[in-house]
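So the protein lines, in turn, are chains A and B. Heads up, the first sequence is in the UniProt record's numbering, so the first residue is 1 and it goes up one at a time. Heads up, the second sequence is in the UniProt record's numbering, so the first residue is 1 and it goes up one at a time.
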Amino acid sequence: MTVLTRTRGLAVLVATVLVVSACGGSETPAAQGGQQGAKEFSVALTEPDHLTPGNTSSSYSITVLQALFDLPVVIDAKGQPQMRAAESVTSEDQKVWTIKIKPGQKFHNGEPVTAESFADAWNAAAYGPNAWTNNYYFENVEGYDALNPEAPEGSEEAPKPTVDKLSGLKVVDPNTLQVTLTAPFSQFPITLAYTGFAPMPKAAFADLAAYDVKPIGNGPFALDGEWVRNRQIKVKRFEGYTGPRPAKSDSINFKIYESRDTAYVDLRAGKVDLIQTIPPASVSEAKTLLGDRFVATPSGTMDYLGFPVYDKRFASADLRKAISMAIDRQAIVDAVFNGTFKPMSSLVAPLVPGYREGACGEACVYDVAKAKALFEAAGGFSGTMNLYFSNADPSYEQWMTAVANQLKDNLGIADIQFRKVPAADYLSTLRAHKQDGPYRNNWVMDYPSPQNYLQSMWGEGNRMGWESKKFNDLISQANSAAGMEASIPLYQQAEDVALREMPMAPLWNWQDQGGYSDRITGVQIDAYSPNLDLITVK
Amino acid sequence: MRYAIQRLAQAVPVFFATTFLIYAMVFALPGDPIVALAGDKPLPDEVLHTLRERYHLNDPLIVQYGLYMLNAVQGDLGQTFTGQPVSELLQGRWAVTAQLAVTAWIFELVVGIGLGVIAGLRRGGIADTAVLAGTTFVIAVPVFVVGYTAQILLGLNLSLFPTAGVDEGWPVSYLLPGMVLGSFGLAYVARLTRTSLIENIRADYVRTARAKGLRRRRVIGRHALRNSLIPVVTFLGVDFGNLMAGAVVTEGIFNLPGIGQQVFQSIQLQEGPVVVGIVTMLVMVFIVVNLLVDLLYGVLDPRIRRA
Chain A
1 MTVLTRTRGL AVLVATVLVV SACGGSETPA AQGGQQGAKE FSVALTEPDH
51 LTPGNTSSSY SITVLQALFD LPVVIDAKGQ PQMRAAESVT SEDQKVWTIK
101 IKPGQKFHNG EPVTAESFAD AWNAAAYGPN AWTNNYYFEN VEGYDALNPE
151 APEGSEEAPK PTVDKLSGLK VVDPNTLQVT LTAPFSQFPI TLAYTGFAPM
201 PKAAFADLAA YDVKPIGNGP FALDGEWVRN RQIKVKRFEG YTGPRPAKSD
251 SINFKIYESR DTAYVDLRAG KVDLIQTIPP ASVSEAKTLL GDRFVATPSG
301 TMDYLGFPVY DKRFASADLR KAISMAIDRQ AIVDAVFNGT FKPMSSLVAP
351 LVPGYREGAC GEACVYDVAK AKALFEAAGG FSGTMNLYFS NADPSYEQWM
401 TAVANQLKDN LGIADIQFRK VPAADYLSTL RAHKQDGPYR NNWVMDYPSP
451 QNYLQSMWGE GNRMGWESKK FNDLISQANS AAGMEASIPL YQQAEDVALR
501 EMPMAPLWNW QDQGGYSDRI TGVQIDAYSP NLDLITVK
Chain B
1 MRYAIQRLAQ AVPVFFATTF LIYAMVFALP GDPIVALAGD KPLPDEVLHT
51 LRERYHLNDP LIVQYGLYML NAVQGDLGQT FTGQPVSELL QGRWAVTAQL
101 AVTAWIFELV VGIGLGVIAG LRRGGIADTA VLAGTTFVIA VPVFVVGYTA
151 QILLGLNLSL FPTAGVDEGW PVSYLLPGMV LGSFGLAYVA RLTRTSLIEN
201 IRADYVRTAR AKGLRRRRVI GRHALRNSLI PVVTFLGVDF GNLMAGAVVT
251 EGIFNLPGIG QQVFQSIQLQ EGPVVVGIVT MLVMVFIVVN LLVDLLYGVL
301 DPRIRRA
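So, in structure tokens, the structure goes:
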């Protein structure tokens, strides 16, 4: 035996290892599940935080919960409320609301869905010590303060509430729930389309921790087995479902991914059927690759540039408008977001009823000469301008850099510094008014009403430190208007006030890009729901 | 035996020092983890307050650490901010990372030593040049480039391996990520084996063995190679710990729900207890593997055992 054969032997061993491993891999595409009779499809998901509807506002959890729960109201593709678990939501004075529940609905464990199922769930969400994320949605229901007592002066510790039920919730009969608000609120019906208003069965309250990982809903799909953390959540068709949207497929497998890039590779490899967010860098490739199976959905999410109005250097509305006019929104959208976002000249997103294109007028139109003239007339800006954003996403720094360059070139502001704040600190910084320069502000829509944007972002206690009695008066008038139709002109007037004073400039509206495999049909993703019940497996 | 006990006793202070340091580092990260939980939405003050109390975030560092350790020695590693018990969380993840690390390690060991021997015996030849060039390349290219390229090329385009996930189980799902993770260490193993083999082949004892008329195969395998493996074993030992810890990028690319992904997430969420739990286990793995390496020296070279 010579050295030659010895090494040849080794080489053969190496080759065998490689070949064996390759063979093992090549069997896999054929071995994939989903095709053996059962009509199942898979959806790429990021690990949810909770599955109790009152305790999550993350879009990942909501994707799953929309399959598991029927909410009182849903929003159709046009942004209008439609009844789902509720039969009607009515009020004489916009303050006391009567919700009629459709009879005959069942939870996945067989319990009937009654007015009490809603009252129980809402009370639990509003109860301070439970510390559920959607607690503040019940702020305007009478009795909220008693469930969330404030800490006394000089103490950190809040006393334990003496009651655990909202006095504003009254179960009149099994199918009627009466809700009394602290002030008239014309938008109330549309808010009921938010996940936090889902009903919960009696069985949930025996062990809330167990319910959080194995929720029992009233929707077309029921949980199938355990939520396998970081791997998958399986749901199957609920046979007892009597509502308006029975499931068209047998089951859905929510496959959990850490990275969108990997999910996208898996979509291409045919290992996952639907992904709702294609990574920005792959969008143009996905368009060609998927053709009709590429889905672009305008979303309700908006980016804004906020100004610290409380800082005297930013006290002039003309200076703030000049900055807004010096920003070339289209150029930034093209460069940073592949042209997929929409430059905005309005404070609310286009899909919101009451949206007016160009509401902002020339203050949101890119015009260097006018911007410069206005800027000079307002006294200009001296010293260092700090731009604030968080490190949550690399694109924030990219577009802020573009804004900085435009302010330098167009207004001659020479000294611009970036203040990149850790994501975990960003909101506290804004809340405490620690920012002394323009900053990234963002709003993710909860329900399509101008009120959701205007009151949350420009209303009392806003991040800009902006105060306008006129604006606040218009908002409360709109809130007490006789219905949603009547409220819209008033919200628009309030929007005009906010645009005239420009404490925060609109930048652009987001768009979501998804795609699906050729195994499924009937995909109808809109800004409110992926509508998974409509999907059929070929 | 005494040697082994001594080594284990050293592990105790190492254990406390490391865990405290890690806890302090996570504690020192800027930002409020509870506020961050809600993303861009505001959390009501009452909710913030209740959650901070629940996770002892208002207490000083030393109290937090003390409470953590007190519970930990009783087997309770606490909860994540989403209410999942940490021990339950880690259970499933360890298995994934261990399978990945073992796959990578076997790949390093078999292919690395193999290539090293081939290169060493044919010093200056085509095989040697190829191994040198290949290993230089692998060391120079960042692991995520290797990872994504392998995923697209071998997983997606050629369909030789699954692209991501652990659905096919071990070994199928772990082969590609294992090779990617192991490629870096493999380059070192191959080079170490090669260099050390070349040195030993020229050594007096090998010449003596050959002069005694032993067959070349026995001379290389039994004498030269065995001695040459000491530095390689040292490297492989240390590297096993590195593989466990270095899985962050690979697990991310291939969507393997292991420890690496968890550490990354938990640091971002500032979940001190989770990070400490994982790092403590990693420290233990390092200690145990290094102990095994030291014991192995004795097997490979009896002189070390007697010294």
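Even glycine gets a Cβ: it sits at the ideal position worked out from N, Cα and C.
Rounded separation between residue i and residue j - CA only
{"i": "proline 530 of chain A", "j": "glycine 196 of chain A", "result": "18 Å"}
{"i": "glutamine 35 of chain A", "j": "leucine 274 of chain A", "result": "For glutamine 35 of chain A, the predicted model reports a pLDDT of 44, less than 50, meaning its position is unreliable; a value from the coordinates is still stated below. Cα to Cα, glutamine 35 of chain A sits roughly 16 Å from leucine 274 of chain A."}
{"i": "asparagine 140 of chain A", "j": "alanine 296 of chain A", "result": "35 Å"}
{"i": "leucine 305 of chain A", "j": "arginine 440 of chain A", "result": "5 Å"}
{"i": "threonine 28 of chain A", "j": "valine 180 of chain B", "result": "Because threonine 28 of chain A sits at a pLDDT of 35, beneath the cut-off of 50, its placement in the model cannot be relied upon, and the following sentence gives the value as read from the coordinates. Answer to the nearest angstrom: the Cα atoms are 19 Å apart."}
{"i": "leucine 197 of chain B", "j": "valine 189 of chain B", "result": "12 Å"}
{"i": "alanine 392 of chain A", "j": "alanine 198 of chain A", "result": "30 Å"}
{"i": "aspartate 76 of chain B", "j": "methionine 464 of chain A", "result": "45 Å"}
{"i": "arginine 226 of chain B", "j": "asparagine 253 of chain A", "result": "52 Å"}
{"i": "valine 299 of chain B", "j": "leucine 292 of chain B", "result": "11 Å"}
{"i": "threonine 195 of chain B", "j": "aspartate 204 of chain B", "result": "17 Å"}
Beta-carbon neighbours of residue i, restricted to chain A and to distances below 7 Å
{"i": "glycine 155 of chain B", "result": "Ala269"}
{"i": "glutamine 270 of chain B", "result": "Ala424"}
Where residue i meets chain A, residues with beta-carbon distance less than 9 Å
{"i": "isoleucine 126 of chain B", "result": "Residues of chain A passing the Cβ test: none, with the nearest at roughly 13 Å."}
{"i": "asparagine 200 of chain B", "result": "Ordered by position in chain A, no residue passes the 9 Å Cβ test against asparagine 200 of chain B, which lies about 15 Å from the chain."}
{"i": "histidine 56 of chain B", "result": "Chain A residues near histidine 56 of chain B: none, gap ~13 Å exceeds 9 Å."}
Cutoff 7 Å; reference residue i; Cβ partners in own chain excluding five residues on either side
{"i": "proline 162 of chain B", "result": "Gly155, Glu168, Val172 and Ser173"}
{"i": "proline 159 of chain A", "result": "Pro149"}
{"i": "alanine 24 of chain B", "result": "Leu61"}
{"i": "aspartate 76 of chain A", "result": "Gln82"}
{"i": "lysine 372 of chain A", "result": "Asn410 and Leu411"}
{"i": "serine 266 of chain B", "result": "Val274 and Val275"}
Short CB-CB distance (under 7 Å) between residue i and chain A
{"i": "valine 35 of chain B", "result": "yes"}
{"i": "glycine 260 of chain B", "result": "no"}
{"i": "alanine 164 of chain B", "result": "yes"}
{"i": "proline 13 of chain B", "result": "no"}
{"i": "aspartate 59 of chain B", "result": "no"}
{"i": "threonine 82 of chain B", "result": "yes"}
{"i": "valine 47 of chain B", "result": "yes"}
Proximity test, Cβ basis, 7 Å: residue i and chain B
{"i": "serine 346 of chain A", "result": "no"}
{"i": "alanine 15 of chain A", "result": "Residue placement at alanine 15 of chain A cannot be trusted, given a pLDDT of 43 that sits under 50; the coordinates are not used to answer."}
{"i": "glycine 128 of chain A", "result": "yes"}
{"i": "asparagine 386 of chain A", "result": "no"}
{"i": "arginine 440 of chain A", "result": "no"}
{"i": "asparagine 148 of chain A", "result": "yes"}
{"i": "valine 265 of chain A", "result": "yes"}
{"i": "asparagine 230 of chain A", "result": "yes"}
{"i": "alanine 131 of chain A", "result": "yes"}
{"i": "aspartate 303 of chain A", "result": "no"}
{"i": "asparagine 135 of chain A", "result": "yes"}
{"i": "alanine 77 of chain A", "result": "no"}
{"i": "aspartate 224 of chain A", "result": "no"}
Cβ shell of residue i (< 6 Å), same chain only, five flanking positions each side left out
{"i": "asparagine 123 of chain A", "result": "Lys165 and Leu166"}
{"i": "valine 138 of chain B", "result": "Ser183 and Ala187"}
{"i": "glutamine 513 of chain A", "result": "Ile278, Val283 and Ala296"}
{"i": "aspartate 294 of chain B", "result": "none"}
{"i": "aspartate 128 of chain B", "result": "Ala119 and Arg122"}
Proximity test, Cβ basis, 7 Å: residue i and chain E
{"i": "leucine 427 of chain A", "result": "Included in the structure are the protein chains A and B, with no chain E among them."}
Beta-carbon neighbours of residue i, restricted to chain B and to distances below 8 Å
{"i": "tyrosine 257 of chain A", "result": "Ala164 and Asn255"}
{"i": "alanine 371 of chain A", "result": "Result: empty, since nearest Cβ-Cβ is about 29 Å, beyond 8 Å."}
Listed by chain order, chain B residues near residue i by CB distance under 9 Å
{"i": "threonine 262 of chain A", "result": "Gln151, Thr163, Ala164, Gly165, Gly252, Ile253, Phe254 and Asn255"}
Cβ-based neighbour list, residue i, same chain, cut-off 8 Å, excluding 5 preceding and 5 following
{"i": "threonine 5 of chain A", "result": "With a pLDDT of only 39 at threonine 5 of chain A, under 50, the local geometry of the prediction cannot be trusted, and no value is derived from it."}
{"i": "alanine 86 of chain A", "result": "Pro72, Val73, Ile99, Lys100, Ile101, Lys102 and Leu192"}
The ligand SAH heavy atom lying under 6 Å from the CB of residue i
{"i": "glutamine 84 of chain B", "result": "Here there are no bound small molecules, and the ligand SAH is not part of this structure."}
Query - contact_flag[the region 490–505 of chain A, the region 347–361 of chain A] where n(CB pairs < 8 Å) is 3 or more - result: yes
Report task. Examine the Cβ distances between the region 229–248 of chain B and the region 224–234 of chain A and report whether three or more of them are shorter than 8 Å. Result -> Not touching, per the Cβ criterion.
Query - Touching by the beta-carbon criterion (3+ pairs, under 8 Å), the region 210–218 of chain A and the region 41–51 of chain A - result: yes
Requested in this report: Specify whether the region 65–78 of chain A and the region 218–233 of chain A touch according to this definition: at least 3 beta carbon pairs, one from each stretch, less than 8 Å apart.
Outcome: With the cut-off at 8 Å, the region 65–78 of chain A and the region 218–233 of chain A touch.
Query raised in the report: For the 8 Å Cβ check, are there 3 or more pairs between the region 409–428 of chain A and the region 444–453 of chain A?
Result: Result no; under three Cβ-Cβ pairs closer than 8 Å.
Requested in this report: Report yes or no: do three or more beta-carbon pairs, one from the region 419–438 of chain A and one from the region 375–391 of chain A, lie closer than 8 Å?
Outcome: yes
Query raised in the report: Do the region 502–517 of chain A and the region 328–342 of chain A touch if we need at least three Cβ pairs shorter than 8 Å?
Result: Contact between the region 502–517 of chain A and the region 328–342 of chain A is present, because at least three Cβ pairs lie under 8 Å.
Query raised in the report: When the Cβ atoms of the region 252–263 of chain B are set against those of the region 142–150 of chain B, are three or more pairs found closer than 8 Å?
Result: yes
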